[in-house]
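Contents: one structure, followed by commentary.
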Ligand code: AMP
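Residue numbers (the numbering used here): 7 to 425.
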C-alpha cells in the first residue's frame, strides 16, 4: 500500500506507522502505536496530515474512523477505512452472517451459540453432517476458524471456545457453519458507502506445504488474475454478492468509506461468501495493488467525497504472482534476528520486493517475523510471473529461508509427458 501511495502525484511526504525497512525506502517510518488513537491524533495534528489510510483491521474494529470523525481537529482529514459499525463485517462473524441473511447474500447455512444455548449447540453439532466449521465470533488474529472432521473433535472444540474461552471474549459466541466444498477466490472493492469500484481479483495460498498441504499460515503467496474468475462468474459475484453488500450498507445507514474484501468460495460455479474483511488482505494486496494502474490517492479522494461513480479502474493486463519467504519452523515457533543477504540486488523492472517481518539492526536488515518478505513479479501468464519471482528469491538468503515453489500450480499448463 505504501509502495502505491508513494507513486501518487499528491503524496508528499508519506509517513508509515510503524513501518519496516521496506517502507523506509518509500516514506518516513514513525514509531507510533497504532492502537493508541490519541498518539495518532497528536501526530496528525502536528504534521498537518491530510489523508489517513488504515491498513489493519484492529484499529478499524476499535473505532478509529469514528474517533477521527468526532474530533473537530481531525474530521477534515481524508480518512480511508469504515466506521466501527461497518468494520463489524469483519469484527463479528455473527453480525456478518445476519447482514448476509438480511440482504439475501449467498453464504453457508449456520447457527449462533453462546453459553446460554450451549446444550442446544452440542445437540446441533451431534446431528450435523461432517465436516463442520466453527468460527469464533470476534477477532482472533486469523486463528478463530476451525474445520472439524468428526463429531468428537467438533464438540471438544465447541467446548474449548465457549466454556474455556479459547479465543478470549472473541469465542464467547460461536458461529457453527455448514462446510462448503469448492475453490476459493478473493474479490476486493473500494466503496464510498454508496458506489463502488472493483479491484483485480486474487487467489491466495494459505497452507505451508507444496500442493496445499500442512498447517495454515498467514499466506504463502498469491496470484492475480484468477483464471476461473471468468466474466460470467464475476458477473454473478457482482450481482449476487458485491451489489447487495454495498446496497445493504447504504440502506442500513452504515458509514463505510474504504475497502471491502469478499472471501468467496465457488461451489459448482456459484459464489458464496465465506468471510468479509474491512480492509485489504495480505498477501493478496501484493498482487492486486501492483496491477492497479490508477493513482490510488485519487481513488481515495473520490471514495471520501462519495464520487466513486465518476471513476474508472484501469488494470494492468499482465499476471502478477507473489511468493512469500518465511522463517524455518513457521507457522509454529521460529527464530528471529537472522541476517538477510541479497536485498541490494537489482530485481529488474518485472519484480518488486516487499518486506513483511523484517527490521533494521546495526545498519543491516534481519528477520523479525514468520513471514519475512515476498517478491511480486509480472509476467505474460502466471507461469512466467512465478518463475521470475522464484528466480529473484534465489538471490536472497537467510538461515532457514523457506518458500513454496508451486504458487499458482493449478493454473500452470503441465507439459504432457510423451509416451
Ligand atoms: P476465515 O477466517 O473465515 O477466512 O476462514 C479461514 C478459512 O477457513 C477460509 O479461507 C476457508 O478456507 C475455510 N472456511 C471458512 N468457512 C468455511 C466454510 N463454510 N466451508 C469451507 N471452508 C471454510
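Every residue, glycine too, gets a C-beta built ideally from N, C-alpha and C.
| Query | Result |
| --- | --- |
| Reduced DSSP secondary structure (H/G/I, E/B, other) of residue 384 | strand |
| Proximity below 8 Å, CB of residue 303 to CB of residue 11 | yes |
| Sufficient close CB pairs (3 or more, under 8 Å) joining the stretch 217-233 to the stretch 51-70 | no |
| Beta-carbon proximity list for residue 114, same chain, < 8 Å, skipping 5 on both sides | 139, 183, 184, 185, 186, 278, 280 |
| Reduced DSSP category for residue 367 - H, G, I as helix; E, B as strand; rest coil | strand |
| Residue range of the unbroken beta strand (DSSP E) whose run includes residue 360 | 357-361 |
| Touch test, the stretch 67-78 against the stretch 43-52, Cβ-Cβ under 8 Å, three pairs minimum | yes |
| Cβ-based burial, residue 108 [other Cβ within 10 Å; buried from 16] | exposed |
| Same chain only: Cβ atoms within 7 Å of residue 208, ignoring 5 sequence neighbours per side | 192, 228, 229, 230, 232, 290, 293, 294 |
| Secondary structure of residue 393, DSSP reduced to three states | helix |
| Neighbourhood of residue 134 by C-beta distance below 7 Å, restricted to the same chain and skipping five residues each side | none |
| Cβ shell of residue 14 (< 8 Å), same chain only, five flanking positions each side left out | 301, 302, 303, 304 |
| Check: residue 185 C-beta below 7 Å from any heavy atom of the ligand GDP | The ligand GDP is absent from the structure shown, which contains only the ligand AMP. |
| Proximity test, residue 388 beta-carbon vs the ligand AMP heavy atom, cut-off 7 Å | no |
| Continuous alpha helix (DSSP H) stretch holding residue 293: start and end | 291-297 |
| Residue 172 CB to nearest heavy atom of the ligand AMP below 7 Å | no |
| Inside the stretch 10-95 only - alpha helix (DSSP H) runs reaching at least 4 residues | 43-52, 63-67, 70-75 |
| Any non-hydrogen atom of the ligand AMP within 7 Å of residue 271 CB | yes |
| Residues near residue 395 in its chain [Cβ-Cβ closer than 6 Å; skip 5 each side] | 327, 329, 381, 383 |
| Inter-residue Cα distance where the pair is residue 202 and residue 265 | 9 Å |
| Short Cβ contact (8 Å threshold) for residue 127 with residue 173 | no |
| Short Cβ contact (8 Å threshold) for residue 82 with residue 261 | no |
| CA-to-CA distance, residue 387 to residue 25, given in whole angstroms | 32 Å |
| Supposed close pair residue 206, residue 332 - CB separation, criterion 8 Å | That belief does not hold up - the Cβ atoms of residue 206 and residue 332 are roughly 25 Å apart, past 8 Å. |
| Environment of residue 96 [buried if 16+ CB atoms lie within 10 Å] | buried |
| Cα-Cα separation, residue 112 to residue 217 | 29 Å |
| Residue 266 at chain B interface by Cβ criterion, 8 Å | Structure shown: chain B not included; a single protein chain is present. |
| For residue 100 and residue 181, believed in contact at Cβ under 8 Å, the rounded distance | 6 Å |
| Simplified DSSP assignment, three categories, for residue 240 | helix |
| Sequence-distant residues of its chain with Cβ nearer than 7 Å to residue 316 (five each side left out) | 308 |
| Closer than 7 Å: residue 142 CB and nearest the ligand AMP heavy atom | no |
| Candidates 418, 368, 385, 364, of which the one nearest residue 376 by Cα | 364 |
| Spatial neighbours of residue 423 in its chain, beta-carbon cut-off 7 Å, leaving aside the 5 residues before and after | In this prediction, residue 423 scores a pLDDT of 49, lower than 50, which makes its location untrustworthy; the coordinate-derived value is nonetheless stated afterwards. Counting only Cβ-Cβ distances below 7 Å, and skipping sequence neighbours, we find nothing. |
| Closer than 7 Å: residue 232 CB and nearest the ligand AMP heavy atom | no |
| Integer-rounded CB distance, given that residue 166 should sit under 8 Å from residue 337 | Actually they do not touch by this definition, with Cβ atoms about 19 Å apart. |
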